[in-house]
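Below you'll find the structure, written out as structure tokens, and then a few comments.
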Amino acid sequence: MKNLMNVNGIVNVAGVYGMRVKDTEEYLYIGSGIEVNDALSRHLYNLKRGLYSTTNKAILQEKYDLGVLVFEVIKESEHNESVKDMSVKQKEDLQVVLGILEKFYIDLYKKSICNSQMFVKKHSSNKNAATTLKRRKANLGKKNPNSKYSELMIREILWLKLNGYTPIQIQELYSEYAIKSTYIYHIGINKWIHLEPIKPSFVA
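Going by the working numbering, the letters in the sequence shown line up with residues 1256 to 1459, in that order.
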């Protein structure tokens, strides 16, 4: 699918990002991340498929379809160069700091942004594969009776799909849960459309 997003500057950094209409200075959406390029990929996945049209992000969809939506980093982290060498704890601390910066810009542009929530809630990183498994199992069964699969697992699968993994490859990664590749194919397309992807801890 053709990309209609105008990407301004370098985005493979840690920092706070925003989306605005070309030739204006008011942002329509504010976000943050240790890997801003991942956030861009996530938004593009949804925008290319028109998935924001019936959500709070409908204004982003409208401007994207017109080819006037700009994505850019507003504030790059001072620790950007050292992220790749950080421990899990250091990355979590950086995530908290970025959340504070994100809240500052949300407050600054609160009159124009379409963010559904005006507060920032960041999910902590998984420590290792064992805690990932423990958390996933906790979200299954009685604690989530309406879903065969945990929300965390679906968010991880969305991330894998956005980063080039095929449904067959993903099925093998989650073989213990007997999730079919045909089901995986529909995740992010007509199932679990509005979940936020998250990078699995077992991915380097």
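Positions of the beta carbon are idealized from the N, C-alpha and C atoms, including for glycine.
| Asked | Found |
| --- | --- |
| Note down, in chain order, each residue of its chain lying with its Cβ closer than 7 Å to the Cβ of residue 1452, except the 5 sequence neighbours on either side. | 1297, 1410, 1413, 1414 and 1417 |
| Residues bridged to residue 1326 by DSSP? | 1262 and 1274 |
| Please state whether DSSP places residue 1305 in a helix, a strand or coil. | coil |
| For a test of the three-state rule: what should DSSP assign to residue 1428, helix, strand or coil? | helix |
| Drop a sphere of 10 angstroms on the beta-carbon of residue 1291, count the other beta-carbons inside from all chains shown, and report buried for 16 or more, exposed for fewer. | buried |
| Checking the sheet assignment: what are the DSSP bridge partners for residue 1443? | DSSP lists no partner for residue 1443. |
| Based on Cα-Cα distance, which residue from 1258, 1256, 1259 and 1294 lies nearest to residue 1273? | 1294 |
| Give a yes or no on whether the C-beta atoms belonging to residue 1302 and residue 1282 are separated by under 7 Å. | no |
| Could you give the DSSP three-state label for residue 1283: helix, strand or coil? | strand |
| Return helix, strand or coil for residue 1354, following the three-state DSSP convention. | helix |
| Nearest by alpha-carbon distance to residue 1408: which of 1368, 1305, 1450 and 1421 is it? | 1450 |
| When the distance is taken between beta carbons, is residue 1368 closer than 7 Å to residue 1285? | yes |
| Return helix, strand or coil for residue 1331, following the three-state DSSP convention. | strand |
| On a Cα-Cα basis, can you pick out the residue from 1420, 1446 and 1268 that is closest to residue 1329? | 1268 |
| Which one of 1429, 1425 and 1431 has the shortest CA to CA distance from residue 1440? | 1425 |
| Residue range of the alpha helix (DSSP H) that residue 1408 falls in? | 1406-1417 |
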